[in-house]
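Asks: I have a structure I would like to understand better, so I am pasting it below and will then ask my questions one at a time.
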Amino acid sequence: MIIILKYFFLIGLTISHPFEPLPLETDTETGTVILVVEGIEANKAGSLSAGIFTKEFFPETGKAAYERYVKVEGATMEIHFDEIPAGEYSAAVFHDLDNNGKLRTNLLGLPREPIGFSRDARIRMGPPSYYDAVFRVNADEAITLTITLR
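So the sequence shown is numbered by this note's numbering: it starts at 90 and just counts up by one.
Next comes the structure, spelled out in structure tokens:
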């Protein structure tokens, strides 16, 4: 009987005083990622779509943890990502020739628009693996990666 009373007491306590969620950490250690994109067809219209991905979503268009869209202004451009939490990521950039926000592919699923990945990871019979393109962001540091569009 005492055990049952303790059980109901705990349920009542939980209902009357719900647990407070832990506050979000605001002092997250962050770094900067600078993507130097080469091989841009500057004579063509469009924009660059750049994304920094976690392992779960690499390299799905529209599922990047951090994204930037910038107008093409030259054959080589820099894209800056500030305040990226320290950790491992992969990056992908494509030249969105028609500005539709999507990577156009052929019937086999291969890109019809120029695309490149961090660590110069290559497309073979599909997208490169996350581990072929992975890099590390360290707190209070900037990392510069060169991505060549192909």
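The C-beta atom is built at its ideal place from N, Cα and C for all residues, glycine as well.
Everything numeric in this text was worked out from a predicted model, so none of it was measured.
Does S179 come out as helix, strand or coil in the three-state DSSP assignment?
Replies: Walking along the sequence shown from the start, residue 179 turns up at place 90. Here S179 sits in strand by DSSP.
Asks: Tell me, please, which residues DSSP counts as bridged to T235.
Replies: For the purposes of this step, residue 235 is taken as residue 146 along the sequence shown, with counting starting at 1. DSSP, once it has assigned bridges, lists V125 as partnering T235.
Asks: Can you grab the Cα-Cα spacing for the pair P110 / T235, in whole Å?
Replies: The count along the sequence shown starts at 1 and reaches residue 110 at position 21. The count along the sequence shown starts at 1 and reaches residue 235 at position 146. Low confidence applies here, because P110 scores a pLDDT of 47, under 50, leaving its location unreliable and the question unanswered by this model.
Asks: Count Cβ pairs between the segment 225-234 and the segment 190-203 that sit closer than 8 Å; are there 3 or more?
Replies: Touching, no, given that fewer than three Cβ pairs across the two stretches are closer than 8 Å.
Asks: Do the CB positions of S138 and D185 come within less than 7 Å of each other?
Replies: Taking the sequence shown and counting its residues from 1, one reaches residue 138 at position 49. Taking the sequence shown and counting its residues from 1, one reaches residue 185 at position 96. Yes, Cβ-Cβ distance for S138 and D185 is below 7 Å.
Asks: Could you tell me which of N195, V182 and T143 sits nearest to M214, measuring between CA atoms?
Replies: Taking the first residue of the sequence shown as position 1, residue 214 is located at position 125. If we check each option's Cα against that of M214, N195 comes out closest.
Asks: Alpha carbon to alpha carbon, what distance is there between N132 and E145?
Replies: In the sequence shown, the residue the question calls residue 145 occupies position 56. In the sequence shown, the residue the question calls residue 132 occupies position 43. Whole-angstrom Cα-Cα distance: 35 Å.
Asks: Where does D221 sit, in a helix, a strand or coil, going by DSSP?
Replies: Residue mapping note: residue 221 aligns to position 132 of the sequence shown, counting from 1. Helix at D221.
Asks: How is K144 classed by DSSP in three states: helix, strand or coil?
Replies: Counted from its first residue, the sequence shown places residue 144 at position 55. If DSSP states are grouped into helix, strand and coil, K144 belongs with the helices.
Asks: When DSSP labels each residue in this structure, what does R208 get in the three-state scheme?
Replies: Numbered from its first residue, the sequence shown carries residue 208 at position 119. Helix.
Asks: Hey, T121 and I173 are a contact pair by Cβ (cut 8 Å); roughly how many whole angstroms apart?
Replies: Numbered from 1 along the sequence shown, position 32 holds the residue referred to as residue 121. Numbered from 1 along the sequence shown, position 84 holds the residue referred to as residue 173. Contact holds; Cβ gap of about 7 Å.
Asks: Among the candidates I212, G190, D209 and E177, whose CA atom is the shortest distance from the CA of T119?
Replies: As a first step, residue 119 must be located in the sequence shown, where it is residue number 30. Here the closest residue by C-alpha is E177.
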